[in-house]
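Structure record follows, encoded as structure tokens.
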Amino acid sequence: MKQRFFLIVLSLGLFGTLSAQESQSTKKVNTIIEHLNTKNGDALLRMMADSARIGNLPKVDNSKVVPEILSKFNSITDFSVSKEERLPNGDLMISLRVTYQDGKEGKPTFAFNKKGDIVNLGIIKARLTGNPERALADALSTAIQPDTVQIPFQMMNGLIYVPATLNNQQGYFMFDSGAPVLILRKKYISEAHISKDVSVDFTGMGGMMQDVKWATGNTLDWGGIQLNDLDAPVASMDDMELENGVPIFGLMGYGILKGYQLTFDYNKQVLLLEKVDEQGNLTGAQFAKGEILASSVMRMKRHIPIIDVMVDGAIYPMGIDCGANANVIKVAAAEDLAEHMDYEEEQVAINGVGGSAQNNKVGFLMHSTVGTVAFEDMYTAVTDQMIGGGAGEQALPIVGLLGTPFLNQYKMTLNFNKGEISFYQK
């Protein structure tokens, strides 16, 4: 999804002649406002540093954006300088009170570096929509990423929890390959990291997540993968911690794996990451995994790897999601597989990041294979929930998800770039 923003322009206008005793900074303010109100974009750009930002907007091409902003400006009838302050980095911030031509009031700001160039033209207040996937990709583009990474994990309620350091605090994340990005828990993010100008829409299994915030400037160290200046969504998740009281910071999703193939080893309780190129070929050292049993084709749709599960000669496309402690299949597929489902009397709730669905049938899926690899009966829930989100071209072409009951039967390597899943004896 593309980052988008809606502009709320703070109009500035003409004002009276300054006195002969005006300060140098006030002269600059006078000149800026004159350029704004005469829509002299070239003159304004000459006053701006190359790295100048406009209000709270992300970094943009000022030569293109400034003329667009000026085309929407209204003049003002009065203004005054309300405050001048020197920022910790040495920049001078000047705050104004203005009255617009239509009678409304505003509080624009201008910031200057030590050379006197504009470094922030605070005439825009934008409502931004956060892009979690792009934000994670941007942080990874400058991250430290070793050739190989070995992550020990703990199991709780059939799910994987991995150690990490977030903003210099040690804790754990739930490792959830069914989530595309990192989602942080509000409990462990200080208000200083929360950007009130950014909104986030986030959908998971169960529907739209509520009250999602946006955190900026985070640091993360995960097994030697080190990210700085990480922006990510923040949600109010259920209160949870490991048995020893160690905090759980949130969900760690598929996006963190960019550039790696991933091996699940439930027997040793370790994740193995190995760097690969765009074609999925190993680029450095690799881990010994033992003799390979078989490999099968794996297709990627969005962030979900999809494989074909065969039962009694029929093929059922299923997504792989280590954030599911039970396999999940849609009602229609369950009806088709009735002879191969051994149902329990109990019913269960299925919890997703967007909510919970109650009273779902549960049983064991029998007689399944992937290629030549046979699987023991797998604990499987039946649901009418939306699986994986998306609509139209973005909908997942699957009838269910394979979680822990599938992944813990063999040691498995998922090569996302090559489109291949490999099976080893655990």
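Mapping of the sequence shown onto mature numbering (1 follows the signal peptide of the UniProt record, and there is no 0): residues -20 to -1, 1 to 406, in sequence order. Heads up, the beta-carbon is just placed ideally off N, CA and C, and yes, glycines get one too. No experiment lies behind these values; they were computed from the predicted model shown.
Residue burial classification, residue i (beta-carbon count within 10 angstroms, cutoff 16)
{"i": "N198", "result": "buried"}
{"i": "A123", "result": "buried"}
{"i": "A306", "result": "buried"}
{"i": "D209", "result": "exposed"}
{"i": "D301", "result": "buried"}
{"i": "S157", "result": "buried"}
{"i": "K94", "result": "exposed"}
{"i": "E326", "result": "exposed"}
{"i": "K391", "result": "buried"}
{"i": "H15", "result": "buried"}
{"i": "G204", "result": "exposed"}
{"i": "I98", "result": "buried"}
{"i": "E319", "result": "exposed"}
{"i": "V277", "result": "exposed"}
{"i": "G260", "result": "exposed"}
{"i": "S119", "result": "According to the sequence shown, residue 119 is Ala rather than Ser. Counting Cβ neighbours within 10 Å, A119 comes out buried, since at least 16 surround it."}
{"i": "residue 414", "result": "What the structure shows of the chain is the stretch from -20 to 406, and residue 414 is not part of that stretch, so it cannot be assessed."}
{"i": "G380", "result": "buried"}
{"i": "A32", "result": "buried"}
{"i": "N247", "result": "exposed"}
For residue j and residue i, the rounded distance between their alpha carbons
{"i": "L37", "j": "I49", "result": "12 Å"}
{"i": "M188", "j": "I401", "result": "Note that M188 scores a pLDDT of 48, beneath 50, so its modelled location is shaky; the value from the coordinates is reported in the next line. Whole-angstrom Cα-Cα distance: 31 Å."}
{"i": "E324", "j": "S170", "result": "45 Å"}
{"i": "N397", "j": "P213", "result": "26 Å"}
{"i": "L251", "j": "F133", "result": "7 Å"}
{"i": "K281", "j": "G383", "result": "17 Å"}
{"i": "H173", "j": "G110", "result": "14 Å"}
{"i": "N340", "j": "M217", "result": "22 Å"}
{"i": "R279", "j": "A313", "result": "20 Å"}
{"i": "D268", "j": "G303", "result": "For clarity, residue 268 is Ala in the given sequence; the question names Asp instead. Roughly 26 Å separates the two Cα atoms."}
{"i": "L222", "j": "K167", "result": "15 Å"}
{"i": "D364", "j": "H347", "result": "23 Å"}
{"i": "L76", "j": "T6", "result": "11 Å"}
{"i": "T352", "j": "N147", "result": "45 Å"}
{"i": "V192", "j": "Q4", "result": "44 Å"}
{"i": "G35", "j": "I103", "result": "6 Å"}
{"i": "P227", "j": "A215", "result": "15 Å"}
{"i": "V342", "j": "K39", "result": "50 Å"}
{"i": "G88", "j": "I13", "result": "One point to set straight first is that residue 88 is Pro, not Gly, in the sequence displayed. Roughly 11 Å separates the two Cα atoms."}
{"i": "L394", "j": "T263", "result": "16 Å"}
{"i": "P297", "j": "M135", "result": "27 Å"}
{"i": "V142", "j": "K8", "result": "53 Å"}
{"i": "M358", "j": "G138", "result": "13 Å"}
{"i": "S175", "j": "G239", "result": "29 Å"}
Which of helix, strand or coil DSSP assigns to residue i
{"i": "Q150", "result": "strand"}
{"i": "F53", "result": "coil"}
{"i": "V61", "result": "strand"}
{"i": "S170", "result": "coil"}
{"i": "D30", "result": "strand"}
{"i": "K95", "result": "coil"}
{"i": "G334", "result": "Legend: pLDDT at G334 = 46, less than 50; position of this residue unreliable, value from coordinates given subsequently. In this structure, G334 counts as coil in the three-state DSSP scheme."}
{"i": "E400", "result": "strand"}
{"i": "G303", "result": "coil"}
{"i": "R66", "result": "strand"}
{"i": "T393", "result": "strand"}
{"i": "L120", "result": "helix"}
{"i": "D156", "result": "coil"}
{"i": "N10", "result": "helix"}
{"i": "T352", "result": "coil"}
{"i": "I236", "result": "helix"}
{"i": "L273", "result": "strand"}
{"i": "residue 411", "result": "In the structure as shown, the chain begins at -20 and stops at 406. Residue 411 is therefore absent and cannot be evaluated."}
{"i": "F267", "result": "coil"}
Sequence-distant residues of the same chain with beta carbon closer than 6 Å to residue i, five excluded per side
{"i": "K84", "result": "none"}
{"i": "A144", "result": "F153, W202"}
{"i": "T79", "result": "I56, T57, D58, E85"}
{"i": "S179", "result": "T109"}
{"i": "P126", "result": "G204"}
{"i": "D211", "result": "A115, T196"}
{"i": "residue 410", "result": "The chain is shown only over -20 to 406; residue 410 falls outside these bounds and no answer can be derived."}
{"i": "P91", "result": "The amino acid at residue 91 is misidentified as Pro; the sequence shows Ala. Cβ neighbours of A91 beyond the five flanking positions: D71, M73, V99, N100."}
{"i": "A159", "result": "L231, G233"}
Beta-carbon contacts of residue i that lie in its chain and below 7 Å, excluding the five residues immediately before and after
{"i": "Q389", "result": "F355, E356"}
{"i": "V291", "result": "L317, H320, H347, S348"}
{"i": "V46", "result": "G21, L24, L25"}
Assumed close pair residue i, residue j - CB separation to whole angstroms, cut-off 8 Å
{"i": "L231", "j": "I163", "result": "4 Å"}
{"i": "Q241", "j": "E254", "result": "5 Å"}
{"i": "I309", "j": "T360", "result": "6 Å"}
Proximal residues to residue i (C-beta, below 8 Å), its chain only, five neighbours per side dropped
{"i": "residue 456", "result": "A question about residue 456 goes unanswered here, because the residues of the chain that appear run from -20 up to 406."}
{"i": "Q130", "result": "G203, V250, L251, L252, L253, F267"}
{"i": "G399", "result": "G260, V277, M278, R279, M280"}
{"i": "V311", "result": "V362, T363, D364"}
{"i": "D177", "result": "N36, K105, A106, R107, L108"}
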